[in-house]
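S.K.:
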Amino acid sequence: MDKETIWLIIGFVGQALFSARFIVQWLKSEREKKSVFPIAFWYFSIGGGITLLAYAIYRQDPVFIVGQLTGLFIYFRNLYFVVHERKNLSIE
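The sequence shown begins at 477 in the working numbering and counts up by one.
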């Protein structure tokens, strides 16, 4: 398998992880009959974002790189809020 094929696979894996977050969110929301973002949504966002960032860096696409970096900041920040909120709830 050549380098290009490996990077295409990495790109598709990243896209699959990124897309899976919406399936996880949709299933959880259907179960609860309201819009919900489970913690797995943020983990899939981060996993997909990191993988897609690696692919974007390999492709040397500055637009894609900036977009993924911005998204990753937001995903990590939201995960922090979720973890921080859960910690505060367990303390109370």
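Think of the CB as a built atom: it goes at the ideal place given N, C-alpha and C, for glycine as much as any other residue. It should be emphasised that the depicted structure is a prediction, and the values quoted were computed from it without experimental measurement.
1. Given that a residue counts as buried once 16 or more other Cβ atoms are within 10 Å of its Cβ, and exposed if not, what is TYR551?
2. Within 8 Å, do at least three Cβ pairs link the region 514–527 to the region 543–559?
3. First and last residue of the alpha helix (DSSP H) that includes VAL542?
4. Have a look at ARG535 and GLN544 and give me their C-alpha separation to the nearest angstrom.
5. Within 10 angstroms of its Cβ, does PHE488 collect 16 or more other Cβ (buried), or is it exposed?
M.R.: From the atom records:
1. By one-based count along the sequence shown, residue 551 stands at place 75. Counting Cβ neighbours within 10 Å, TYR551 comes out buried, since at least 16 surround it.
2. Taking 8 Å as the limit for Cβ pairs, the verdict is that the region 514–527 does touch the region 543–559.
3. As a first step, residue 542 is located in the sequence shown; it is residue number 66 there, counting from the start. Where VAL542 is concerned, the enclosing alpha helix (DSSP H) stretches over 538–567.
4. As a first step, residue 535 is located in the sequence shown; it is residue number 59 there, counting from the start. As a first step, residue 544 is located in the sequence shown; it is residue number 68 there, counting from the start. Answer to the nearest angstrom: the Cα atoms are 13 Å apart.
5. Taking the sequence shown and counting its residues from 1, one reaches residue 488 at position 12. Answer is exposed; the Cβ neighbour count stays below 16.
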